[in-house]
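Below: the structure, in structure tokens.
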């Protein structure tokens, strides 16, 4: 998957557009990294969000960071992405439609209709509902990029990330990679379990986003195979999550993701970890506290110096979007834990035209995937089924097809009743009617 972004010799500043910047946790993390990456000195930064209050707060934070870093960035903000996009080099997206309320509603509807859903975000019945909302929105954004900034690279955080990247890759010409820090964080856990530093390991993990698996772990110096020891310690350790331990023991492959995420794709996961879903109240509280901090940073009452002194959570696990863009501009070669991108032979025994998550590399100004060979057949069959569901779900979202949406549900292993699937879909289409116009036209 060859891509190219403008390098420093092109004669004009790098232009970055961040859409959905009002998402407070994402926005703060992205901005603090932008003002730590030297390639963004003198850049043109456009912040986009439909919420004027959130947009204003982020713009004030950007100006404070710019002043503190001495970066001489030109900061602009607008609710209209078409004002921001012309001639952009990079576009970063993290958009959602009433994220917390909609996610909680999806989970409640899945449980109401008797499905053993553990999270309801990216897979299972709730994942379909999320897909129906997110995919059309992201394809509309991508079509604006296609028209106004055809040479731009889109770095997407919007969930369900695998399905969003599939839709954008199939239905537009926009160059796209998806980013998720889950695999990167799991590599940290791997290093800790082995009593090593992450820099001492060469790790290959791959699959579908949030349905990823450790395929190879080797010593970076002498190439020693550390996978047998890693699996042994996974099973023996009290710190291992129960579903991850069970899967490793019974399937012989260690998931590269936590219990709640991988549990979305397995009909028996709820037996092990329950159906309590995400800590929605905790997430709301975290967002509230972050918003309070944002007010202090923007007003000048709280110093932004600590934001610049330490890397973001993403940067601390080598998965910062700003650092990836900086590598591309500077022409640096650097491995990254994972990219979400078209398979195109990266995983031998998954469809070539699917979108997958695999180890990444920035080389010669291009983000590419690293081939990992074949996955163990036991887990390749599970991931392959999920990719088939994604194919149908994406088309259902874009066509506004109730028949295809129902097909996607009936293919899903978490769905145990055709009649419950029909009733669930009716509930979803009615509850989210305002945001699912394609199904009602």
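In the working numbering, the protein residues as written are 12 to 452. All residues carry an ideal CB built from backbone N, CA and C; glycine is no exception.
Among 443, 427 and 438, which one has its Cα closest to the Cα of residue 126?
-> Residue 427 is the option with its Cα nearest to residue 126.
Can you tell me the Cα-Cα spacing of residue 162 and residue 239, whole angstroms?
-> 44 Å
Segment contact, 8 Å Cβ cut-off, at least three pairs: the region 77-85 with the region 112-124 = The region 77-85 vs the region 112-124: no contact.
Same chain, Cβ closer than 6 Å to residue 359, five either side skipped, listed in chain order = 384 and 385
Which first and last residues belong to the beta strand (DSSP E) in which residue 85 is found?
-> 85-89
Check whether residue 89 and residue 31 have beta carbons under 8 Å apart | no
What residue ranges within the region 380-448 form continuous alpha helix (DSSP H) runs of no fewer than 4 residues, ordered along the chain?
-> Within the region 380-448, the complete alpha helix (DSSP H) runs of at least 4 residues are 388-410, 413-422 and 429-442.
Does the region 31-41 come close enough to the region 61-80 that 3 or more CB-CB pairs lie under 8 Å?
-> yes
Should the region 119-135 be called in touch with the region 423-441, which here means at least 3 C-beta pairs below 8 Å?
-> yes
Give the secondary structure of residue 47 by DSSP, where H, G and I count as helix, E and B as strand, and everything else as coil.
-> coil
Terminal residues of the continuous alpha helix (DSSP H) containing residue 5?
-> No answer is possible for residue 5: the residues shown for the chain start at 12 and end at 452.
Whole-angstrom distance between residue 97 and residue 355, CA atom to CA atom = 30 Å
DSSP on residue 190, reduced to helix/strand/coil?
-> coil
Count the other CB atoms, across all protein chains shown, that sit within 10 Å of the CB of residue 456; report buried if there are 16 or more and exposed otherwise.
-> Here the chain has residues from 12 to 452 only, and residue 456 is not among them.
Per DSSP, which one or two residues make a beta bridge with residue 353?
-> Residue pairing by DSSP puts residue 353 in a beta bridge opposite 366.
Residue 15 versus residue 164: straight-line alpha-carbon distance, rounded | Residue confidence for residue 15 is low, a pLDDT of 45 falling below 50, so the modelled location carries little weight; the figure read from the coordinates is stated next. Distance between the alpha carbons of residue 15 and residue 164 is about 8 Å.
Reduced DSSP secondary structure (H/G/I, E/B, other) of residue 105 = coil
If we cut at 8 Å on Cβ distances, does residue 207 have a partner in chain B?
-> As a matter of chain content, chain B is missing from the structure shown, which is built from one protein chain.
Do you know whose CA, among 402, 346, 39 and 347, lies nearest residue 139's CA?
-> 402
Which first and last residues belong to the beta strand (DSSP E) in which residue 223 is found?
-> Element bounds for residue 223: 222-230.
Residue 29 to residue 212, Cα distance in whole Å?
-> Going from the Cα of residue 29 to the Cα of residue 212 covers about 33 Å.
Helix, strand or coil: how does DSSP classify residue 77 here?
-> helix
From 195, 102, 207 and 374, pick the residue whose C-alpha is nearest to that of residue 186; which is it?
-> 102
Could you round the C-beta distance between residue 44 and residue 323 to whole angstroms and report it? I think they count as a contact, below 8 Å.
-> 5 Å
If you drop the 5 nearest sequence neighbours on each side, which residues of the same chain put their C-beta closer than 6 Å to that of residue 194?
-> 216, 223, 267, 348 and 349
Can you give the Cα-Cα distance for residue 309 and residue 68, rounded to whole angstroms?
-> 6 Å
Using 8 Å as the threshold, is the region 288-297 in touch with the region 249-256, meaning 3 or more CB pairs across them?
-> Counting Cβ pairs under 8 Å, fewer than three are found: no touch.
Environment of residue 26 [buried if 16+ CB atoms lie within 10 Å] = Answer is buried; the Cβ neighbour count reaches 16.
So what does residue 219 bridge to, in DSSP terms?
-> DSSP lists 222 as partners of residue 219.
State the Cα-Cα distance for the pair residue 20 and residue 340, rounded to the nearest angstrom.
-> Confidence in residue 20 is poor, its pLDDT being 49 and thus under 50, which makes the residue's placement too unreliable to answer from.
8 Å Cβ cutoff met for residue 346 and residue 382 | Not closer than 8 Å, so no.
Burial state of residue 206, where buried means 16 or more other Cβ atoms lie within 10 Å = exposed
So what does DSSP say about residue 334, is it helix, strand or coil?
-> Three-state DSSP puts residue 334 in a helix.
How is the beta strand (DSSP E) around residue 56 delimited, first residue to last?
-> Where residue 56 is concerned, the enclosing beta strand (DSSP E) stretches over 55-59.
Kindly indicate which residue of 344, 435 and 261 has the alpha-carbon position closest to the one of residue 390.
-> 261
Residue range of the alpha helix (DSSP H) that includes residue 246 = 238-247
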